[in-house]
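Here the structure comes first, spelled out in structure tokens, and everything after it is commentary.
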Amino acid sequence: MELRFLGHACFLLDDGTCKVLTDPFLSGAGHPDWAEQVRPDYIFVTHGHGDHVGDAAAIARRTGAQVCCTADLADAVFGPAGVTCIAGNLGGTVRLPFGSAKFIQALHGGGAAGCPACGFLFEMGGRTIYHAGDTALTMDMALLEDAHVDAALLPIGDFYTMGPADALRAVKLIKPKLTIPMHYDTFPAIAQDPAAFAASCRAEGYEARVLRPGESLTL
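The structure is reproduced here in structure tokens:
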């Protein structure tokens with residue numbers, strides 16, 4: 001099971017038979033070549049802000065990938081763009097050829113009127129991966145301990161989402177086997193030291209790893 005970081009909140013999950021792309025803000029983050037090259041089977045979008053919707057519609061039209069998002073976001077953004085959607089909602093689970101994805105509530109603006117923000121809990125390739133999307137710290141994260149998360153992808157940028165201190169508290173609630181920071185350094189307002197965050201996780205007994213854009217690991 002390969003997990004590749006493509007910058008900001010974008011990851012490519014690949015179990016060898018299916019590819020899942022999250023929040024593909026690629027062209028806007030200086031990676032237009034990746035936006036043209038990536039060929040996912042599914043694109044998961046956590047909410048309607050431009051730095052998460054990103055190139056999703058263009059990639060979907062180019063590749064035939066389906067976009068998975070909340071029903072409200074599908075109606076407001078992707079349906080009008082002519083994209084085929086899998087439209088779920090908070091608390092629901094969609095079952096797909098690679099496994100499943102559960103819509104997890106995120107504490108954040110939705111970016112489009114009436115569209116809630118979410119994260120996703122993926123079951124894929126025998127692993128459980130939590131992509132938090134953009135979110136503040138919430139005690140609901142404690143419920144994820146029971147999911148036995150293999151990898152938690154958490155925002156640390158502060159300003160728009162939780163910062164490093166709250167992200168560390170989230171790690172303590174979720175208790176994942178591995179934490180990977182995301183949503184930092186893309187803009188001046190969210191400049192952070194991901195290595196310091198990873199060190200703070202390890203100091204509390206939790207494994208963490210910083211991935212550079214384009215870098216991958218095997219879960």
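Letter 26 of the sequence shown, counting from 1, is numbered 26 in UniProt numbering, and no numbers are missing.
Each residue gets a CB set at the ideal place from its N, CA and C atoms; glycine is no exception.
Here the structure is a predicted model, which is why all the values come from computation and not from measurement.
Beta-carbon proximity check, residue i vs residue j, cutoff 7 Å
i: L107; j: A132; result: no
i: I86; j: V77; result: no
i: L173; j: A142; result: yes
i: G157; j: H183; result: yes
i: S200; j: L178; result: no
i: L3; j: L217; result: yes
i: A152; j: P176; result: yes
Endpoints, the alpha helix (DSSP H) within which residue i is located
i: Y64; result: As written in the sequence, residue 64 is Gly, which differs from the Tyr given in the question. No alpha helix (DSSP H) holds G64; DSSP gives it neither H nor E.
i: G50; result: 50-53
i: E36; result: 32-37
i: D166; result: 164-174
i: S200; result: 194-203
Contact belief for residue i with residue j at Cβ below 8 Å, rounded distance in angstroms
i: T63; j: P97; result: In fact, because the Cβ distance is near 16 Å, the residues do not count as touching under 8 Å.
i: T161; j: P116; result: Contact doesn't hold; Cβ gap of about 15 Å is too wide.
i: V149; j: P181; result: That belief does not hold up - the Cβ atoms of V149 and P181 are roughly 15 Å apart, past 8 Å.
i: Q105; j: L90; result: 5 Å
Per DSSP, cross-strand counterpart(s) of residue i
i: L209; result: Looking at the sequence provided, one finds Arg at residue 209 rather than Leu. BP columns for R209 are empty, so no partner.
i: I104; result: G119
i: P87; result: Before going on, a small fix: residue 87 reads as Ala here, not Pro. DSSP, once it has assigned bridges, lists C69 as partnering A87.
i: S216; result: R4
i: G99; result: L96, M124
i: H131; result: F120, L153
i: K177; result: Partner(s): none; K177 has no beta bridge.
i: I190; result: DSSP output for I190 lists no bridge partner at all.
i: D146; result: According to DSSP, which records beta bridges pairwise, D146 is partnered with nothing at all.
Element boundaries [beta strand (DSSP E), containing residue i]
i: F159; result: Here F159 belongs to no beta strand (DSSP E), and DSSP marks it neither H nor E.
i: F25; result: Taken as a continuous stretch (DSSP letters only), F25 belongs to no beta strand (DSSP E), as it is neither H nor E.
i: F44; result: 42-44
i: F78; result: No beta strand (DSSP E) contains F78, which DSSP labels as neither H nor E.
i: L13; result: 11-14
Quick one: any contact between the stretch 28-36 and the stretch 193-205, if contact means 3 or more CB pairs under 8 Å? no
Could you check whether the stretch 37-56 touches the stretch 14-25, counting it as contact only if at least three pairs of C-beta atoms, one from each stretch, sit closer than 8 Å? yes
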